[in-house]
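Number of protein chains: 2
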Amino acid sequence: MEFTLKISLKLKAVALFATVTLPILSQAQFAKSEDAIKYRKAALTVMSTHFGRIGAVVKGAPYNKDAVASDANIVAMLSTLPWQGFGPGHEGGNALPEVWSNADKFKSNADKLQETTAALKVAANSGDLEAIKKAFGATGQACKGCHDDFRKK
Amino acid sequence: MEFTLKISLKLKAVALFATVTLPILSQAQFAKSEDAIKYRKAALTVMSTHFGRIGAVVKGAPYNKDAVASDANIVAMLSTLPWQGFGPGHEGGNALPEVWSNADKFKSNADKLQETTAALKVAANSGDLEAIKKAFGATGQACKGCHDDFRKK
Numbered sequence: 001m002e003f004t005l006k007i008s009l010k011l012k013a014v015a016l017f018a019t020v021t022l023p024i025l026s027q028a029q030f031a032k033s034e035d036a037i038k039y040r041k042a043a044l045t046v047m048s049t050h051f052g053r054i055g056a057v058v059k060g061a062p063y064n065k066d067a068v069a070s071d072a073n074i075v076a077m078l079s080t081l082p083w084q085g086f087g088p089g090h091e092g093g094n095a096l097p098e099v100w101s102n103a104d105k106f107k108s109n110a111d112k113l114q115e116t117t118a119a120l121k122v123a124a125n126s127g128d129l130e131a132i133k134k135a136f137g138a139t140g141q142a143c144k145g146c147h148d149d150f151r152k153k
Numbered sequence: 001m002e003f004t005l006k007i008s009l010k011l012k013a014v015a016l017f018a019t020v021t022l023p024i025l026s027q028a029q030f031a032k033s034e035d036a037i038k039y040r041k042a043a044l045t046v047m048s049t050h051f052g053r054i055g056a057v058v059k060g061a062p063y064n065k066d067a068v069a070s071d072a073n074i075v076a077m078l079s080t081l082p083w084q085g086f087g088p089g090h091e092g093g094n095a096l097p098e099v100w101s102n103a104d105k106f107k108s109n110a111d112k113l114q115e116t117t118a119a120l121k122v123a124a125n126s127g128d129l130e131a132i133k134k135a136f137g138a139t140g141q142a143c144k145g146c147h148d149d150f151r152k153k
């Protein structure tokens, strides 16, 4: 009876381990937290630089279709990257503990950002400045939503 | 006569300005050197992280075609970015003054890196591990060539 119970508990532990850690392990490619933090900051820096350039156009700087499309392509690609730097055990930097304690919401925000940057890329490549402005606003809201809840002030 | 000379000089000055500064102006999108330095470091950090993952496979870690192709796509895209952070007046960080005093050679090295990462991307998407190893080596040489001559030790 005790043996059966132990087996059962072990199986449950294995199942839990597999469920909780496998999706994370596939992303947690950093041996050291300082490397994970450096990586996610770097990806966000490159992304925000190019997003800012689109923002300048939205705010009235001269519109160059190719430049904005290039910036939007970079933003869309970069928006897929930072999340792998937020693996388990890599707390720190500007990230609030809620990134890990409220991981579902963080993941949902990360997905939202990638959806909005994909739409921004489509708008930018279409050359429709009004569509770009709208998609830029939605992307900015996605940035802000995550910063409000998951980033140190 | 004097009028003609002045016009001629002015035209020459305009021509010189256009030749020398236009290609640079198109890249110099940073108002502050600290932003340019932060940007180029960030782009190089993201690039080297994904290049390092391919390096692990080259050195014997399990080969996953999709993962290596994804890393190589990121490396190829990121390799086009850092150079805009080395605009005129943005000396500093880990960059040696030779980046600016020997700009032709620096540009040639930057072009070489982009050529080798483009080839690495092709190899990675083909799924030919031997071709990946070869292209990885060539890219590594391009990294090293630039670091040897243009980066603080």
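Just so you know, the protein sequences line up as chains A and B, in that order.
Under the working numbering, the first residue of the first sequence carries the number 1, and numbering increases by one thereafter.
Under the working numbering, the first residue of the second sequence carries the number 1, and numbering increases by one thereafter.
Ideal placement from N, C-alpha and C gives every residue a C-beta, glycine not left out.
Treat the numbers as computed from the prediction; the structure is a model and nothing was measured.
Backbone secondary structure at residue i - three-state DSSP
{"i": "K95 (chain A)", "result": "Sequence check: residue 95 (chain A) is Ala here, not Lys. If DSSP states are grouped into helix, strand and coil, A95 (chain A) belongs with the strands."}
{"i": "L22 (chain A)", "result": "Reliability fails at L22 (chain A), whose pLDDT of 37 lies under 50, so the model's placement of it is uncertain and the value that follows must be treated cautiously. Helix."}
{"i": "A42 (chain A)", "result": "helix"}
{"i": "D128 (chain A)", "result": "coil"}
{"i": "F30 (chain B)", "result": "coil"}
{"i": "G140 (chain B)", "result": "helix"}
{"i": "D60 (chain A)", "result": "The identity of residue 60 (chain A) in the sequence shown is Gly, whereas the question assumes Asp. Coil at G60 (chain A), not helix or strand."}
Top-ranked residue by Cα proximity to residue i, from the options
{"i": "A36 (chain A)", "options": "A:V46, A:Q141, A:E91, A:A118", "result": "A:E91"}
{"i": "V75 (chain B)", "options": "B:A124, B:G85, B:S33, B:K144", "result": "B:A124"}
{"i": "G55 (chain A)", "options": "A:D148, A:P88, A:Q29, A:L120", "result": "A:L120"}
{"i": "P88 (chain A)", "options": "A:A142, A:A67, A:S101, A:T116", "result": "A:S101"}
{"i": "E53 (chain B)", "options": "A:Y39, A:H50, A:S48, A:F51", "result": "According to the sequence as given, residue 53 (chain B) is Arg; it is not Glu. Nearest C-alpha to R53 (chain B): A:Y39."}
{"i": "R151 (chain B)", "options": "B:A118, B:T116, B:L96, B:N64", "result": "B:L96"}
{"i": "Y63 (chain B)", "options": "B:G127, B:K112, B:K144", "result": "B:G127"}
{"i": "T139 (chain A)", "options": "A:N94, A:E34, A:S79, A:G93", "result": "A:S79"}
{"i": "L129 (chain A)", "options": "A:A69, A:E34, A:E98, A:P82", "result": "A:A69"}
{"i": "G60 (chain A)", "options": "A:K153, A:A142, A:K133, A:Q141", "result": "A:K133"}
{"i": "A131 (chain A)", "options": "A:T117, A:T45, A:A103", "result": "A:T117"}
{"i": "L113 (chain B)", "options": "B:P82, B:G93, B:A67", "result": "B:P82"}
{"i": "K32 (chain A)", "options": "A:V99, A:D149, A:F86", "result": "A:F86"}
{"i": "N73 (chain B)", "options": "B:G93, B:Q84, B:T49", "result": "B:T49"}
{"i": "A43 (chain B)", "options": "A:M77, A:D104, A:H147", "result": "A:M77"}
{"i": "A142 (chain B)", "options": "B:F106, B:V122, B:K153", "result": "B:F106"}
{"i": "C146 (chain A)", "options": "A:D111, A:A67, A:A135", "result": "A:D111"}
{"i": "K153 (chain B)", "options": "B:F136, B:N94, B:N109", "result": "B:N94"}
{"i": "D148 (chain B)", "options": "B:V122, B:N109, B:A135", "result": "B:N109"}
{"i": "V122 (chain B)", "options": "B:V46, B:Q29, B:D71, B:K41", "result": "B:D71"}
Beta-bridge partners of residue i, as assigned by DSSP
{"i": "R192 (chain A)", "result": "Because chain A in this structure spans residues 1 to 153, residue 192 (chain A) falls outside the shown range and cannot be described."}
{"i": "R196 (chain A)", "result": "Missing from the structure shown is residue 196 (chain A); chain A here goes from 1 to 153 and no further."}
Counting only runs that start and end within the stretch 63 to 116 of chain B, where is the alpha helix (DSSP H) found for 4 or more residues in a row?
Whole alpha helix (DSSP H) segments, 4+ residues: 65 to 78, 98 to 101.
Residues of the stretch 35 to 49 of chain B with a CB closer than 7 Å to any CB of chain A: list them in chain order, please.
Result list: K38, Y39, A42, A43, T45, V46, T49.
When Cβ atoms are compared, which residues of the stretch 109 to 121 of chain B fall closer than 8 Å to chain A?
For the stretch 109 to 121 of chain B, which is checked against every Cβ of chain A, not one residue is closer than 8 Å.
The stretch 51 to 65 of chain B: which residues have C-beta closer than 7 Å to a C-beta of chain A, in chain order?
Against chain A - using a Cβ distance shorter than 7 Å - the residues of the stretch 51 to 65 of chain B are R53.
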